[in-house]
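Chemist: Would you mind keeping the following structure in view while I ask a few things?
Numbering (our numbering), first residue to last: 23 to 147.
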């Protein structure tokens with residue numbers, strides 16, 4: 023978390039390279055904590071990533087339940103646009119993809135490893 027005079031930023035592990043829609047065309051994704059929030063406690067925050075770019079955000083001036091360091095959140099309804107628009111910007115690996123259906127959640131694509139990320143690279147002699 024970073025608190026400024028006018029804004030509170032909640033910094034998450036995901037970045038614009040994982041889900042670019044908010045930065046490209048203000049795509050709105052519902053954001054929910056993965057723990058039961060404290061009833062009635064909300065705050066206005068920006069949800070931002072760790073990449074040092076002005077477009078590295080998922081939500082701006084959004085009223086959300088109060089989030090603490092270490093809390094996990096879900097950015098909902100990424101659908102087909104998550105992976106196909108993702109990139110390895112700043113050498114960041116692709117995230118895992120989770121399919122949620124009813125009360126079930128399944129990994130449908132594993133997180134990219136460093137070995138996956140550099141697999142196609144070759145060093146000239």
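All C-beta atoms in this analysis are idealised placements derived from N, C-alpha and C, irrespective of residue type, glycine included.
I'd like to check one pair, residue 78 with residue 70: are the Cβ atoms closer than 8 Å?
Modeler: Counted from its first residue, the chain shown places residue 70 at position 48. Counted from its first residue, the chain shown places residue 78 at position 56. Yes, the pair counts as a contact, with Cβ atoms nearer than the cut-off.
Chemist: Across the segment 112 to 126 and the segment 55 to 62, are there enough close Cβ pairs to call them in contact, namely three or more that are closer than 8 Å?
Modeler: No: fewer than three Cβ pairs fall under 8 Å.
Chemist: I'd like the span of the alpha helix (DSSP H) that includes residue 140, first residue to last.
Modeler: Here residue 140 refers to the residue found at position 118 when the chain shown is read from its first residue. Unbroken alpha helix (DSSP H) run through residue 140: 136 to 140.
Chemist: Under 8 Å, do residue 108 and residue 39 count as touching if we go by C-beta distance?
Modeler: In the chain shown, the residue the question calls residue 108 occupies position 86. In the chain shown, the residue the question calls residue 39 occupies position 17. Contact flag set, yes.
Chemist: Can you list, in chain order, the residues of its chain whose CB lies under 8 Å from that of residue 132, leaving out five sequence neighbours each side?
Modeler: For this step, residue 132 is matched to residue 110 along the chain shown. Sequence-distant partners of residue 132 (beyond 5 residues in either direction) whose C-beta falls short of 8 Å from its own C-beta, in its chain, are 118.
Chemist: For a test of the three-state rule: what should DSSP assign to residue 121, helix, strand or coil?
Modeler: The count along the chain shown starts at 1 and reaches residue 121 at position 99. The answer is strand: DSSP assigns residue 121 an E or B state.
Chemist: Enumerate, from N- to C-terminal direction, the unbroken beta strand (DSSP E) stretches of 3 or more residues contained entirely within the segment 47 to 74.
Modeler: Entirely contained in the segment 47 to 74, the beta strand (DSSP E) runs reaching 3 residues are, in chain order, 53 to 55 and 64 to 70.
Chemist: When we look at the beta-carbon of residue 95 and count the other beta-carbons within 10 Å, is it buried (16 or more) or exposed?
Modeler: Counting from 1 along the chain shown, the entry for residue 95 is found at position 73. Answer is buried; the Cβ neighbour count reaches 16.
Chemist: Look at the Cβ atom of residue 44, then the Cβ atom of residue 80, and state whether they are nearer than 8 Å.
Modeler: Position 22 of the chain shown, counted from the start, is the residue given in the question as residue 44. Position 58 of the chain shown, counted from the start, is the residue given in the question as residue 80. Going by C-beta atoms, residue 44 is nearer than 8 Å to residue 80.
Chemist: Going straight from the alpha carbon of residue 19 to that of residue 139, what length do you get?
Modeler: In this structure the chain extends from 23 to 147, so residue 19 is not present and cannot be described.
Chemist: Quick one: what does DSSP say residue 127 is sitting in, helix, strand or coil?
Modeler: Against the chain shown, residue 127 aligns to sequence position 105. Note: residue 127 maps to strand in three-state DSSP.
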